[in-house]
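Structure first, then comments.
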Amino acid sequence: MTPTKLVTVYGATGQQGSSVINSLLENKSGEFAIRAITRNCDSDKSRAFISRGVEVVNGDGFSQDQMNNAFKGSWAAFVNTNSSDPVGSHTRNVLPYTELIGQLLNRPGGMAERDLGKIIVDGAFEAGVQHFVYSGLVSASLATNGQVPSSSFDEKHAIGEYAKSKGFKSVVIVSAGWYMENHTLPEFDDYGDLVHGVLLQPETYNGQLIQAASEMAKPDELVAKFQRMTGKKSRYLAIEDWRTIETYGSPDVEGLKTMYGFCQYVDGKYYGVPSSLEQAKELKAKAIVAKGLPKEEYPLLNLEGFIKKYLIT
């Protein structure tokens, strides 16, 4: 079957983008063609994608012209922006704001992540993309009534809202939980499958925020399972009050501090509402079936499965 739907992935060589590409490549219908946007078409990851039939194109999210061209002909887009991207480090000759080159996003007096997101969203819309899937977050400022703003949460939320205002046929936010690979949740393979599931019927999920988590567990439960299965000692040290975290002037540590503050303020409601795995299970099953596999044998990867897969040798 000749692919009829071109899905373009921004942030293609990152963990989320790669997981989306890997999942879509396993779709048995042959309906999807995949394009990867990257700043380095000669990287090992880019070459690996090319060897598997992925179209790899050069594009920097800080260049409007490059984004307009990179998304041309695409039916759908998956986008994941990097909160710590250096401004224009690969497009020095095409940017009007040369004084900001090399400065990281979300720093005082510089560009915000939403500025990068706006360029990407505009590029996708102008190129005729119908369905826009974004790795976004809820607004910490809104969820805490302004008490605990957090730049990563607030900037990604702003990008998602901007995309919703543009007129795409559908905009879906697939919001990743804390990464299991960082001893938190979810597992990257699951994330790609959830986006795959959305792209099978994107208009069904228009306007929704998908809770992309693989398991719900309290920290002490994670420690207990890890110790029981590995035999290794571990412990959980709670941060009783997020305001006591010392940042030492680091914006990155400040971001972690406000993330903890947000989670404490909303009593753990990372998605702004009570957490649920039901929609994630549904989307995972749809993607597994689309891969031609039995859905019963490929559920969301729980912590026990993750430990067996990656931590027990």
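Numbering (our numbering), first residue to last: 824 to 1136.
Glycine included, each C-beta is placed from N, C-alpha and C at the ideal position.
With a threshold of 16 other CB atoms inside 10 Å of the CB of residue i, please say whether the residue is buried or exposed.
i            : result
residue 858  : buried
residue 929  : buried
residue 1101 : exposed
residue 1120 : exposed
residue 1024 : exposed
residue 839  : buried
residue 967  : buried
residue 1050 : exposed
residue 834  : buried
residue 990  : exposed
residue 870  : exposed
residue 1076 : exposed
May I ask which residues mark the beginning and end of the beta strand (DSSP E) holding residue i?
i            : result
residue 998  : 993 to 999
residue 1046 : It is not in any beta strand (DSSP E) - residue 1046 instead sits in the alpha helix (DSSP H) that spans 1042 to 1053.
Please list, in chain order, all residues of the same chain as residue i whose beta carbon is under 6 Å from its beta carbon, the five residues on each side excluded.
i            : result
residue 994  : 955, 986, 987
residue 896  : 829
residue 1006 : Residue placement at residue 1006 cannot be trusted, given a pLDDT of 42 that sits under 50; what the coordinates show is reported in the next sentence. Same-chain partners within the cutoff: there are none.
residue 1008 : Since pLDDT at residue 1008 reaches only 42, below the 50 mark, its modelled position is unreliable, and no value is offered.
residue 1016 : 846, 1107, 1110
residue 979  : 959, 960
By Cβ distance, which residues of its chain are closer than 7 Å to residue i, with the 5 residues on each side in sequence left out?
i            : result
residue 1134 : 1053
residue 894  : 831, 900, 946, 947, 950, 952
residue 1040 : 1126
Considering only DSSP beta bridges, list what residue i is partnered with.
i           : result
residue 855 : 828
residue 860 : 833, 880
Could you check where the alpha helix (DSSP H) with residue i kicks off and where it finishes?
i            : result
residue 1032 : That residue, residue 1032, is in no alpha helix (DSSP H); its beta strand (DSSP E) goes 1032 to 1035.
residue 1125 : Residue 1125 -> no alpha helix (DSSP H), and no H or E assigned at all.
residue 845  : 838 to 848
residue 873  : 867 to 874
residue 1015 : 1011 to 1023
residue 834  : Neither: residue 834 is in no alpha helix (DSSP H) and is coded neither H nor E.
residue 1082 : 1074 to 1088
residue 1110 : 1101 to 1113
residue 984  : 974 to 987
Quick one: residues in its chain with C-beta nearer than 8 Å to the C-beta of residue i, no 5 flanking neighbours on either side, listed in chain order?
i            : result
residue 1029 : 992, 993, 994, 995
(message) Which runs of the alpha helix (DSSP H) at least 4 residues long sit entirely within the segment 881 to 966? Give them in chain order.
(response) 887 to 893, 936 to 949, 963 to 966
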